[in-house]
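Counting in numbering that gives the first Met the number 0, the sequence shown tops out at residue 321, every number present.
We put the CB at the ideal spot given by N, CA and C, even for glycine.
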Amino acid sequence: MSQPVLQIENLQTHFFTDRGQVPAVDGVSITVHKGEVVGIVGESGCGKSVTSLSIMKLVPNPPGKIVGGAIRFKGEDLVLASEKRMREIRGNEIAMIFQEPMTSLNPVFTIGDQIGEAIRLHTKTSKKEARQKSIEMLKKVGIPRAEAIVDEYPHQLSGGMRQRVMIAMAMACNPELLIADEPTTALDVTIQAQILDLMRQLNQEADTAVLLITHDLGVVAQMCHRVVVMYAGNVIEEGDVRTILKNPKHPYTIGLLNSLPKLEESQERLYSIPGNVPIPGSLTAGCRFAPRCEQAMDRCRQEMPELIPVEENHRSRCWLSI
């Protein structure tokens, strides 16, 4: 394949708290190529969002800090980049759609002002040209009455419309990498489908690489080429979507898939993985999933397995995969 747009190598992002050093992301490696949609899935608290904020260098410091690893964007290590350089990259070459659009849009500025600011910050355009480009972007993401909406405020729009505005803002400067952090969480299913269709369309038209963070395996099946499964700050399984969904190897991935309702079966109760995600840093030896795993052996509690290749383009962090 071509040179990766994004290559995360052994990323470690820790939080320094009163309880001590907490490893929220602990040795994560992910690669995203041009035009590829890569999904990151896992339960709440597994480190998905901290990984995305680390790429943008938006982890609040203090208490958070990248303490190890590399984040290579087109070969440039962003961990070493200055804040001035990151401001050039954010919104221009790498854009991000946040989980909750109401807290991401400024309530005191119009929609046009906010999209226009992103355009004028990174391109040499006049206020009038930026306004026109904002209207074009709103039309592109399927917002009706774009000429009127451009002068409205975020509180005047529905959740789905605000999320479309966020996508318009993210795509305004034609980024090479789009990070979408659970972009459909607060939306109803019909709006969710429209937002996902829109993201897929933009990915195909502009060949934009997409890193999609979600806990919804249905969204992953619909959108992604490859999937990375995270648990307790680690990547525990990765591979192409069809392989992972049809033939998962890690007990955690199997548990996630078993917890989905099945239309062809009559079930009194849905399956759930026993126990809870461990507090980051509480497990220092062995596999992080061992306390919840029904197949755990003594070795699992003592030694942390590596990501082991199980077949072509498919790796699993499990001793059972050997």
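How many angstroms separate the CA atom of residue 146 from the CA atom of residue 189?
-> For the purposes of this step, residue 146 is identified with residue 147 of the sequence shown, where counting begins at 1. For the purposes of this step, residue 189 is identified with residue 190 of the sequence shown, where counting begins at 1. So the alpha carbons of these two residues sit roughly 25 Å apart.
In three-state DSSP terms, what is residue 230?
-> Working through the sequence shown from its first residue, we reach residue 230 at position 231. Residue 230: strand per DSSP, three-state reduction.
Would you mind stating whether residue 170 and residue 201 have Cβ atoms separated by less than 7 Å?
-> On the sequence shown, position 171 is the one that residue 170 refers to. On the sequence shown, position 202 is the one that residue 201 refers to. Between residue 170 and residue 201, the CB-CB gap stays under 7 Å.
Bounding residues of the alpha helix (DSSP H) (the contiguous stretch that carries residue 141) = Your numbering for residue 141 matches position 142 in the sequence shown. First-last for residue 141: undefined, no H or E at that position.
Taking the alpha carbon of residue 40 as the point to measure from, which residue in 33, 238, 78 has its own alpha carbon closest?
-> As a position in the sequence shown, residue 40 is number 41, starting the count at 1. Comparing Cα positions, the closest option is 238.
Range covered by the alpha helix (DSSP H) that runs through residue 53 | Along the sequence shown, read from residue 1 onward, the residue named residue 53 stands at position 54. According to the DSSP assignment, residue 53 belongs to the alpha helix (DSSP H) that extends over 47 to 54.
Helix, strand or coil at residue 263 according to DSSP, with G and I counted as helix = As a position in the sequence shown, residue 263 is number 264, starting the count at 1. For residue 263, the secondary structure class from DSSP, reduced to helix, strand or coil, is coil.
Would you kindly work out how many angstroms separate the C-alpha atoms of residue 155 and residue 125, rounded to a whole number?
-> Along the sequence shown, one-based indexing puts residue 155 at 156. Along the sequence shown, one-based indexing puts residue 125 at 126. Residue 125 has its alpha-carbon roughly 27 Å from the corresponding atom of residue 155.
Give the DSSP-derived three-state secondary structure of residue 167 in the structure shown.
-> To locate residue 167, count along the sequence shown from 1; it is residue 168. Residue state, collapsed to three classes: helix.
Determine which residues share a DSSP beta bridge with residue 20 and list them.
-> One-based indexing of the sequence shown puts residue 20 at position 21. DSSP, once it has assigned bridges, lists 15 as partnering residue 20.
Limits of the beta strand (DSSP E) - the one that residue 95 falls within | Your numbering for residue 95 matches position 96 in the sequence shown. Where residue 95 is concerned, the enclosing beta strand (DSSP E) stretches over 93 to 96.
Which two residues bound the contiguous beta strand (DSSP E) that contains residue 176?
-> Your numbering for residue 176 matches position 177 in the sequence shown. Segment 176 to 180, the beta strand (DSSP E) holding residue 176.
Starting from residue 89, follow the beta strand (DSSP E) in both directions and report where the run begins and ends.
-> As a working note, residue 89 is residue 90 in the sequence shown. Counting along the chain, residue 89 falls outside any beta strand (DSSP E), and DSSP gives it neither H nor E.
Go ahead and pull the three-state DSSP assignment for residue 314.
-> In the sequence shown, counting from the first residue as 1, residue 314 sits at position 315. Strand, per DSSP.
Go ahead and pull the three-state DSSP assignment for residue 106.
-> Within the sequence shown, the letter at position 107 stands for residue 106. The answer is coil: DSSP assigns residue 106 none of H, G, I, E or B.
Is DSSP giving residue 255 helix, strand or coil here?
-> Taking the sequence shown and counting its residues from 1, one reaches residue 255 at position 256. Residue state, collapsed to three classes: helix.
Express the C-alpha separation of residue 231 and residue 12 in angstroms, rounding to a whole number.
-> Translated into positions along the sequence shown, residue 12 becomes position 13. Translated into positions along the sequence shown, residue 231 becomes position 232. Rounded to whole angstroms, residue 12 to residue 231 spans 12 Å at the Cα level.
Using CA coordinates, which residue listed in 59, 181, 267 is at the minimum distance from residue 214?
-> As a working note, residue 214 is residue 215 in the sequence shown. When only C-alpha atoms are compared, the closest one is 181.
Integer-rounded CB distance, given that residue 46 should sit under 8 Å from residue 229 = The residue you call residue 229 lines up with position 230 of the sequence shown. The residue you call residue 46 lines up with position 47 of the sequence shown. Correct: roughly 6 Å between the Cβ atoms.
Are there 16 or more other CB atoms within 10 angstroms of the CB of residue 56, so buried, or fewer, so exposed?
-> Taking the sequence shown and counting its residues from 1, the one referred to as residue 56 is at position 57. By the beta-carbon neighbour count (other beta carbons within 10 angstroms, threshold 16), residue 56 is buried.
Which two residues bound the contiguous beta strand (DSSP E) that contains residue 208?
-> The sequence position of residue 208 within the sequence shown is 209, counting from 1. Counting along the chain, the beta strand (DSSP E) containing residue 208 begins and ends at 208 to 212.
Closest to residue 298 by CA distance: which of 110, 27, 286 is it?
-> What you label residue 298 is simply residue 299 of the sequence shown in a count that begins at 1. That would be 286, whose Cα lies nearest to the Cα of residue 298.
Tell me whether residue 64 sits in a helix, a strand or coil according to DSSP, three-state version.
-> Your numbering for residue 64 matches position 65 in the sequence shown. Looking at residue 64 - three-state DSSP - the assignment turns out to be strand.
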